[in-house]
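Chemist: If you read the protein sequences in the order shown, they are chains A and B. All residue numbers for the first sequence refer to the numbering used here, where the first residue is 3 and numbers rise by one. All residue numbers for the second sequence refer to the numbering used here, where the first residue is 3 and numbers rise by one. I'd like to ask some things about the structure below.
2 protein chains.
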Amino acid sequence: MRILVAEDDDRIAETLTTSLKKAGFGVERESDGEVAWFRGDTEVYDAIILDLGLPQIDGLTILKRWRAAGRLTPVLILTARGQWEERVDGIEAGADDYVVKPFHVQEIVARLRALVRRANGLASSRIAFGKYLLDLRTMEVTSDGMPMELTPQEFKLVSYLVHRRGRVISQLEITEHIYNQDFERDSNAVEVLVARVRKRLGADVIKTRRGFGYALGDGY
Amino acid sequence: MRILVAEDDDRIAETLTTSLKKAGFGVERESDGEVAWFRGDTEVYDAIILDLGLPQIDGLTILKRWRAAGRLTPVLILTARGQWEERVDGIEAGADDYVVKPFHVQEIVARLRALVRRANGLASSRIAFGKYLLDLRTMEVTSDGMPMELTPQEFKLVSYLVHRRGRVISQLEITEHIYNQDFERDSNAVEVLVARVRKRLGADVIKTRRGFGYALGDGY
DNA sequence: CGCTGGCTGTCAGCGTTCTGTAAGCGTCCG
DNA sequence: CGGACGCTTACAGAACGCTGACAGCCAGCG
């Protein structure tokens, strides 16, 4: 976990850095607003702790710029006690959470973990199998980032096999899961479908267990 | 954006409905607690405004039931002035925000926007996508500062896609979010809408994923 | 009050893509 | 050898999505 701490007060920054490292985060520290903005814009962090009173550019402006540019990294802002408007402005500008100074470091750690978990939760509908990556959000199977253009039916089949990997799935079971209830029993639709997927992703992606059904190939 | 207003005071409900519609939300209204619970449980809303004093079932119970069932729709509760404990209970029960009656409608609108944005993982009221800038406050899409003159429906569509960027959105989902609950199932309104947006912003702004739905184009 | 213009949903027609069917063939195994 | 099983290919109907025309509706305005 890579965290950027944008804080100009040395004492606070030091405390944070030490505790976060102890908690297992990789910490990078920045005290200048201009540079902090640049790093947040160009580097990839799992979360950013942002003090609102930075030199050069103030924290709110930095945050707004990131959001306007589409950077969705979770941001936790630090604000002084009693600065109620600052917090509201921060949330408006796109902060994910805030902590009031002075704070208990433990609290920061806990909130940071929550933030990162939430951010990852949004992205966890992706499953790797072999060299492929199946993404439910985009309904895509990609190989090295190259989309494989599966049709809906093909995608359903791959998705089902991947979710039940390690098992042999009978044709009947496949039929029941990717087709409507009533369906020609003596149809070879599944066989055709399997062939089509093989043509796209490679013959050994799906293994035939003659007499039993299909399974993901070895290494998938 | 589809909002459920669960409020039994006609005057308040009316005020809310009018203002929210003017602000671009799709509003559905419900005064009975039992029914409100059912709709929140079965329909998909972007946010729910919940009065705590509903007939049949009170708001707190409804909220708790939703949360217990895993419904994470952002909920903003309405509470009477001075009912400090109610608010605490509400937050405990899983409310995302609260507003005290009597309220300024503008405040509700602002908080609602913040809630929806937060729930969608975005947090700024101005979002960049490609060469365009979408502004939720002014309801405008601009390119280099030049307004793009989208109609309300067109704006809703773009806004929804941008909020859920990186995902494929099915026609059904789009229908549910930018039209009222009951809507001709087999209508091609969404297709027409997509075509109109493409005519204005460029054909590749919206990508068609045949059989799956639509998504923002690459680079947006 | 009627006219006008913008916004939207409906519809019919069209081209494209998807997908189940069917027939023929290969392969495995008793 | 023969039958069961699975693969391949071609094909046609169905599903899907796009488009242009049109009509209802509403707001603004003379």
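Note that beta-carbon positions come from the ideal geometry of N, C-alpha and C, so glycine has one too. This structure is a prediction, so every number in the text was calculated from the model and none was measured.
Taking any Cβ of chain B, which residues in the segment 129-155 of chain A have a Cβ under 7 Å from it, in chain order?
Modeler: Answer set for the segment 129-155 of chain A: R139, T140, M141, T153 and P154.
Chemist: Report yes if the CB atom of L195 (chain B) is closer than 8 Å to the CB atom of L159 (chain B), and no otherwise.
Modeler: Cβ distance < 8 Å, so L195 (chain B) and L159 (chain B) count as in contact.
Chemist: Please state the DSSP three-state secondary structure of P154 (chain B).
Modeler: It is helical.
Chemist: Using a C-beta to C-beta distance shorter than 8 Å, which residues of chain B count as neighbours of A70 (chain A)?
Modeler: Correct list: S126, R128, I129, A130 and L135.
Chemist: Measuring only the C-alpha atoms, how far is T63 (chain A) from R31 (chain A)?
Modeler: About 19 Å.
Chemist: Looking at C-alpha atoms only, which residue of A:H179, A:V207 and A:E151 is the closest neighbour of F131 (chain A)?
Modeler: Of A:H179, A:V207 and A:E151, the residue nearest in Cα terms is A:V207.
Chemist: What does the Cβ neighbour count give for P76 (chain B), buried or exposed, with the cut at 16 atoms within 10 Å?
Modeler: By the neighbour-count rule (16 or more Cβ atoms within 10 Å), P76 (chain B) is buried.
Chemist: Determine, using beta carbons only, whether E156 (chain B) and R202 (chain B) come nearer to each other than 8 Å.
Modeler: Against a cut-off of 8 Å, the Cβ pair of R202 (chain B) and E156 (chain B) comes out as a contact.
Chemist: Going by DSSP, what residues sit across from V102 (chain B) in a beta bridge?
Modeler: Per DSSP, B:T81.
Chemist: Apart from the five residues on each side of it in sequence, which residues of its chain come closer than 8 Å, Cβ to Cβ, to D11 (chain A)?
Modeler: Contacts found: D53.
Chemist: Quick one: list the residues of chain A neighbouring R211 (chain B), beta-carbon separation under 7 Å, in chain order.
Modeler: Within chain A, the residues near R211 (chain B) are M141.
Chemist: For a cutoff of 8 Å on Cβ pairs, would you count A97 (chain B) as touching chain A?
Modeler: No, A97 (chain B) does not count as interfacial toward chain A.
Chemist: For the segment 152-218 of chain A, list the beta strand (DSSP E) runs that are entirely contained and at least 3 residues long, ordered along the chain.
Modeler: If we require 3 residues or more, the beta strand (DSSP E) runs fully inside the segment 152-218 of chain A come out as 208-211 and 215-218.
Chemist: Based on the DSSP secondary-structure assignment, which residues constitute the bridge partners of D53 (chain B)?
Modeler: B:L80.
Chemist: CB I5 (chain B) to CB A49 (chain B), shorter than 8 Å?
Modeler: Yes; because the gap between Cβ atoms is below 8 Å, this pair is in contact.
Chemist: Rounded to a whole number of angstroms, what is the C-alpha to C-alpha distance between G168 (chain A) and G147 (chain B)?
Modeler: Distance between the alpha carbons of G168 (chain A) and G147 (chain B) is about 55 Å.
Chemist: Only counting the same chain, and skipping five residues up and downstream in sequence, which positions put a Cβ closer than 7 Å to that of L117 (chain B)?
Modeler: Counting only Cβ-Cβ distances below 7 Å, and skipping sequence neighbours, we find A49, P76, L78, D98 and D99.
Chemist: Kindly list the residues whose CB is nearer than 8 Å to the CB of D34 (chain A), restricted to its own chain and excluding five residues on each side of it in sequence; keep chain order.
Modeler: Cβ neighbours of D34 (chain A) beyond the five flanking positions: D10, L56, P57 and Q58.
Chemist: Could you check whether the Cβ of V170 (chain B) sits closer than 8 Å to any Cβ belonging to chain A?
Modeler: Yes, its Cβ sits closer than 8 Å to a Cβ of chain A.
Chemist: Determine the extent of the alpha helix (DSSP H) in which E109 (chain B) is found, giving its start and end residues.
Modeler: Residues V107 to A121.
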